[in-house]
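Notes follow the structure.
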Amino acid sequence: MSSKSLQNDIDESSMATDHIVELVGIHYTGPVQTPSCVQSLTGTGLTAPLIKDVSLEVHAGEVMAVLGSKGSGKKALLEVIARRAMGPTRGQILLNDIPITVRLFQEQCGYVPRRVNLVPGLTVRQSLDVGAQLTVGSKVPASVKKARVKQVMADLALNGVADREVSTLSINEQRRLAIGLELVRDPVLVILDEPTADLDPLNTYFVVSILANHAKKYNRIVLMSLSKPRSDIFPFLDRVTYLCLGELVYTGSTRHMLDYFRNVGFPCPEMENPLMYYLCLSTVDRRTRERFLESSSQIQSLVEKFRIEGARYRKIASGAISDATPPPPSDYKLPLTAYGQPSSVQVFAALYGRFMASSFNFNWRAIRDLGFRTLVLPAFFAFMLCFFHPLRDSQQSFFTRNGLILSAITATSFLSAAITAITYAPHRTRYYQESREGKYRGPLFVFTHALFSMPMSIFSVFAAASIIYGASELRPQWERWAPFCAILWCCYAFAEQQTVALMMVIRSSYTACVTSIYFLAIYITLASGGVKSLVVMPDWAYYASYGVMHRYAGAFLYQNEFENYASLDYAPSINGTSCGPNVEPGRCYFVSGSHFISQKYRTGRGTLHVDLQYWLNFGLSFGFIGAMYLVNVILHIIPLPASVKIKFRD
Numbered sequence: 001m002s003s004k005s006l007q008n009d010i011d012e013s014s015m016a017t018d019h020i021v022e023l024v025g026i027h028y029t030g031p032v033q034t035p036s037c038v039q040s041l042t043g044t045g046l047t048a049p050l051i052k053d054v055s056l057e058v059h060a061g062e063v064m065a066v067l068g069s070k071g072s073g074k075k076a077l078l079e080v081i082a083r084r085a086m087g088p089t090r091g092q093i094l095l096n097d098i099p100i101t102v103r104l105f106q107e108q109c110g111y112v113p114r115r116v117n118l119v120p121g122l123t124v125r126q127s128l129d130v131g132a133q134l135t136v137g138s139k140v141p142a143s144v145k146k147a148r149v150k151q152v153m154a155d156l157a158l159n160g161v162a163d164r165e166v167s168t169l170s171i172n173e174q175r176r177l178a179i180g181l182e183l184v185r186d187p188v189l190v191i192l193d194e195p196t197a198d199l200d201p202l203n204t205y206f207v208v209s210i211l212a213n214h215a216k217k218y219n220r221i222v223l224m225s226l227s228k229p230r231s232d233i234f235p236f237l238d239r240v241t242y243l244c245l246g247e248l249v250y251t252g253s254t255r256h257m258l259d260y261f262r263n264v265g266f267p268c269p270e271m272e273n274p275l276m277y278y279l280c281l282s283t284v285d286r287r288t289r290e291r292f293l294e295s296s297s298q299i300q301s302l303v304e305k306f307r308i309e310g311a312r313y314r315k316i317a318s319g320a321i322s323d324a325t326p327p328p329p330s331d332y333k334l335p336l337t338a339y340g341q342p343s344s345v346q347v348f349a350a351l352y353g354r355f356m357a358s359s360f361n362f363n364w365r366a367i368r369d370l371g372f373r374t375l376v377l378p379a380f381f382a383f384m385l386c387f388f389h390p391l392r393d394s395q396q397s398f399f400t401r402n403g404l405i406l407s408a409i410t411a412t413s414f415l416s417a418a419i420t421a422i423t424y425a426p427h428r429t430r431y432y433q434e435s436r437e438g439k440y441r442g443p444l445f446v447f448t449h450a451l452f453s454m455p456m457s458i459f460s461v462f463a464a465a466s467i468i469y470g471a472s473e474l475r476p477q478w479e480r481w482a483p484f485c486a487i488l489w490c491c492y493a494f495a496e497q498q499t500v501a502l503m504m505v506i507r508s509s510y511t512a513c514v515t516s517i518y519f520l521a522i523y524i525t526l527a528s529g530g531v532k533s534l535v536v537m538p539d540w541a542y543y544a545s546y547g548v549m550h551r552y553a554g555a556f557l558y559q560n561e562f563e564n565y566a567s568l569d570y571a572p573s574i575n576g577t578s579c580g581p582n583v584e585p586g587r588c589y590f591v592s593g594s595h596f597i598s599q600k601y602r603t604g605r606g607t608l609h610v611d612l613q614y615w616l617n618f619g620l621s622f623g624f625i626g627a628m629y630l631v632n633v634i635l636h637i638i639p640l641p642a643s644v645k646i647k648f649r650d
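Residue numbers (UniProt numbering): 1 to 650.
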């Protein structure tokens, strides 16, 4: 579809005329505290009515503010409209007389949470470009998407910071960028949870004026919650809703709000901020018992009065009360969301591009990320070389080589867990927000991350393994070096996938890293053969080790180094005296490399070699990576308990 034909479709569409969101008799019962895993599974968490018989409406081109004190139900109401609420809901939520379902909201509307986790390393422009690729349909030409990004940057006054890395932005700039990530897809309805939180008065005015301008310019609906509205934003609010303990105190036009409260006996004093005055009027005073009872009775009276007299105020059109002169109508009145969703290929390309930009941009965060992924492991192996160089063909060398292989497995696994915890965390948190908005599914995200991480992990592991292998003078054949590097990469990839899986349920990167390392330490200690010989292991523990990847990786690496290594045959003792074909306690412990590994692994029962099956162990090591990847895919598909989900919510 060309830009010209798209423009013609936009101009001719009837969808560009008007939109209306209506709530009729909404009741919502939700959790009042974070449920535990057991409570989530059994449905026994503590719940209470949070929204009680709320009805309201807001039209295209209007800005509605939902006002109330903490615990009034502002956020609960927004989440009910956005179909994000975790509990039973009754009543009707309509967009243009069509019930708003989860799918409809995800396709046509947008939600900006109070806390938005941006991906560090990206610039403002790149963040918006990725946002457009993730949300604007494949039918929309690239030129239109690019123009939309430029327009959003201009509307939100982000041109001056377009090439700044997102973590260097001020709170105000980050808030505007977070809003832009939703506006770039041009939703019919955009819901914002406390968009002015933590902003100074000037920037509060700036953000609200931008949102009001967006509503008028594009004929869209803006619905936001506010805790401390200032008088200077009053002209930008077309409608206002006051809540107290989930009940309506008032909803309707701000133009008629003063008349309504005057008629019910609560006129606003002349020098007062009406928004804040009526917010205080709608708030329970808990300073004393007497004030609590008095204010509660007064609020209940206001709720009853509005239930009886408020219907006509709710239906009255807001009128033109804004002091801001709306700009000329936009050329793009039909929302871009009407052109469908992006294809999986487009979403994959956007996610992969974001991973690349977060590591290969020329800024400190991207350079740090790239350094962790590619240089930390080689640097550590170079340091580790100080303890193992040079290797001599002596009895002592058996223990030194054993320690080197064990250290290589351990360092690769532990550092992989740490690197993954550091570099994956911001992408993980962003995934939770975007998948909740229906932008893509978990399996695609896991696949994209694995594909992005693989080349850098291969480079890092092969570079590190080459340093330790070549400089320490392990068996000098390339056919031994290449499998050595490959198996260490298996250890790296397995630890990476395990850490990714743990970070699905553990929010803290540090805790996830420590937990992953703890599991890896158990695997390596009990199954690798480097610490404890599998020969003397109890049968139950021996057979349990079949389910651990490090059993096969360790067996392969030790067999790769020691089996049939002629230089270790009859290796001299520590004091330099030669050793014969027999073991001599205290002087000659091992007669050959094959003898050494026979003390660590069960070499067979009868004629069957059990542990030391070279290529089988090699293949099974890779098989465990695939199995761990599938575990991650499944974890990203199955619904998680509410106690886990809430960790990653704003």
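Think of the CB as a built atom: it goes at the ideal place given N, C-alpha and C, for glycine as much as any other residue.
Quick caveat: nothing in here was measured; it's all calculated off a predicted structure.
Within a Cβ cutoff of 6 Å, which residues of the same chain sit near residue i, ignoring the five residues on either side of it in sequence?
i, result
"L351", "T448"
"T525", "V531"
"A544", "none"
On the CB-based measure, 16 or more other CB atoms within 10 Å of its CB, does residue i come out buried or exposed?
i, result
"A566", "exposed"
"S2", "Note on S2: pLDDT 47, under 50, position unreliable in the model; the coordinate value appears next. Exposed, since its Cβ has fewer than 16 Cβ neighbours within 10 Å."
"residue 652", "Since the first and last residues shown for the chain are 1 and 650, residue 652 lies out of range."
"S516", "buried"
"A482", "exposed"
"P426", "buried"
"Y260", "buried"
"I637", "exposed"
"S621", "buried"
"V610", "exposed"
"Y552", "buried"
"T511", "exposed"
"D539", "exposed"
"T254", "buried"
"H214", "buried"
"I93", "buried"
"T536", "Contrary to the premise, residue 536 reads as Val rather than Thr in this sequence. Under this definition V536 is an exposed residue."
"V32", "exposed"
"Y518", "exposed"
"Q433", "buried"
Quick one: residues in its chain with C-beta nearer than 7 Å to the C-beta of residue i, no 5 flanking neighbours on either side, listed in chain order?
i, result
"Y614", "F556 and Q559"
"Q126", "A357"
"I51", "I26, H27, Y28, G73, A76, L77, V80 and G246"
"T325", "The predicted position of T325 is uncertain, since its pLDDT is 47 and thus under 50; a value taken from the coordinates is nonetheless stated next. Hits under 7 Å: none found."
"N632", "V446, Q497, V500 and A501"
"F484", "A465, Y469, L557 and N560"
"Y339", "G137, K139 and V140"
Which one of the options has the shortest CA to CA distance from residue i?
i, options, result
"G87", "L275, L46 and C490", "L46"
"T241", "R436, A465, V207 and L279", "L279"
"E496", "Q477, L415 and S472", "L415"
"K228", "G137, V149, L444 and T283", "T283"
"L118", "T429, A544 and I625", "T429"
"R286", "M276, T204 and S297", "S297"
"R441", "P342, Y424, I522 and T420", "P342"
"P378", "V303, G310, F459 and A417", "F459"
Excluding five sequence neighbours on each side, which residues of the same chain lie with their C-beta closer than 8 Å to the C-beta of residue i?
i, result
"D232", "P201 and Y205"
"P390", "S472 and E473"
"I409", "L488, C491, I524, S528, G530, H550, A553, G554 and L557"
Between residue i and the ligand MG, is the CB less than 6 Å from at least one heavy atom?
i, result
"H59", "The ligand MG is not part of the structure shown, which contains no ligands of any sort."
Notebook entry, point to check: Just checking, does the stretch 339–359 make contact with the stretch 125–136 on the three C-beta pairs under 8 Å criterion?
Noted result: Segment contact: the stretch 339–359 against the stretch 125–136, three or more CB-CB distances shorter than 8 Å; contact assigned.
Identify every run of the alpha helix (DSSP H) within the stretch 88–119, keeping only runs that are complete inside it and at least 4 residues long; order them along the chain.
-> Those alpha helix (DSSP H) runs which fall completely within the stretch 88–119 and span 4+ residues are 102–108.
### Query
Do the stretch 496–514 and the stretch 400–409 touch if we need at least three Cβ pairs shorter than 8 Å?
Note that the stretch 496–514 does not touch the stretch 400–409; fewer than 3 beta-carbon pairs, one per stretch, sit closer than 8 Å.
Segments of 4+ residues assigned as alpha helix (DSSP H) that fall wholly inside the stretch 417–499: The qualifying runs are 442–471.
### Query
Any chance the stretch 95–111 sits against the stretch 154–166, with 3 or more Cβ pairs inside 8 Å?
Too few Cβ pairs lie closer than 8 Å, so no.
- Message: Tell me whether the stretch 239–259 and the stretch 68–78 touch, counting them as touching only if at least three CB pairs, one residue from each stretch, are closer than 8 Å.
- Response: The stretch 239–259 is in contact with the stretch 68–78.
**Request:** Tell me the start and end of each unbroken alpha helix (DSSP H) in the stretch 143–208 that is at least 4 residues and wholly inside, in chain order.
**Result:** Within the stretch 143–208, the complete alpha helix (DSSP H) runs of at least 4 residues are 171–183.
| Does the stretch 193–201 come within contact of the stretch 91–108, defined as at least 3 CB pairs closer than 8 Å? | In this structure the stretch 193–201 does not touch the stretch 91–108; the number of beta carbon pairs closer than 8 Å is below three.
*asked:* Does the structure place the stretch 450–460 close enough to the stretch 360–367 that three or more beta carbon pairs sit under 8 Å?
replied: Here the stretch 360–367 makes no contact with the stretch 450–460; the two share fewer than three CB pairs at distances below 8 Å.
Whole alpha helix (DSSP H) elements within the stretch 582–638, 4-residue minimum = Contiguous alpha helix (DSSP H) elements confined to the stretch 582–638 occur at 593–598 and 614–635, taking only those with 4 or more residues.
Legend entry - Segments of 4+ residues assigned as alpha helix (DSSP H) that fall wholly inside the stretch 519–568: Those alpha helix (DSSP H) runs which fall completely within the stretch 519–568 and span 4+ residues are 539–544 and 549–562.
Original post:
Contact between the stretch 457–471 and the stretch 379–388: three or more CB pairs below 8 Å?
Top reply: Touching, yes, given that three or more Cβ pairs across the two stretches are closer than 8 Å.
Could you check whether the stretch 218–225 touches the stretch 266–274, counting it as contact only if at least three pairs of C-beta atoms, one from each stretch, sit closer than 8 Å? Fewer than three beta-carbon pairs drawn from the stretch 218–225 and the stretch 266–274 are found closer than 8 Å, and the two stretches are therefore not classed as touching.
Checklist entry - Along the chain, which unbroken stretches of the beta strand (DSSP E) at least 3 residues long are found entirely within the stretch 201–284? => result Listed in chain order, the complete beta strand (DSSP E) runs (minimum 3 residues) inside the stretch 201–284 are 221–226, 239–244 and 247–253.
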